[in-house]
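Q: Pasting a structure below so you can have a look.
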Amino acid sequence: LLAVCLGGGNGQEYRSVIMDFVDRCEHNHLLLNTSKTKGMVIDFQRNTPPHSPVNIQRADTEVVDTFKYLGVHPNSKLNWCNNTDALYKKAQSRLHLLRRLRSFGVHSRSFFHSVVSFVIHSAVVCWGAGNSDRD
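For the sequence shown, my numbering assigns the number 5 to the initial residue and increments by one for each residue that follows.
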């Protein structure tokens, strides 16, 4: 997992920060699984060309616009739309389960607070302030 902010330029800063990260991992005897490593470039400039993958330990990393990390779905523009959509889908499936369990006499309030509410409030500290009216 690599997420790097660019301050304008040609992507050289992106590559140098990643190589510093790789050097720090090697220095601390940490192994990087390059088959699972993804790169995400956070760049708020307009009309930026697509960034080429960085070669880490003789393997190119895939540059992605969004990924899932600890249940949170950040994207390269940090607008949290993907995260909100994923939470909505997960909460809808849990609410459907709540409706089905109601027919079996399960106490709705305790189920809601233990299962549905958890989905809605997970990582709200990270993404809560960044939501738009659409979200």
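C-beta: ideal position from N, C-alpha, C; glycine also.
#1: Return the first residue and the last residue of the alpha helix (DSSP H) that K93 is part of.
#2: Drop a sphere of 10 angstroms on the beta-carbon of T52, count the other beta-carbons inside from all chains shown, and report buried for 16 or more, exposed for fewer.
#3: Alpha carbon to alpha carbon, how far is S107 from V58?
#4: Which residues bound the alpha helix (DSSP H) around V26?
#5: Could you pull the start and end residues of the alpha helix (DSSP H) that R113 belongs to?
#6: Let me check one thing: in DSSP terms, what residues is K42 bridge-paired to?
#7: Round the Cβ separation of F116 and L102 to the nearest angstrom and send it over; I've been treating them as touching at under 8 Å.
A: Well, looking at it:
#1: 85–106
#2: exposed
#3: 54 Å
#4: 16–31
#5: 112–115
#6: Beta-bridge pairing links K42 to E66.
#7: 6 Å
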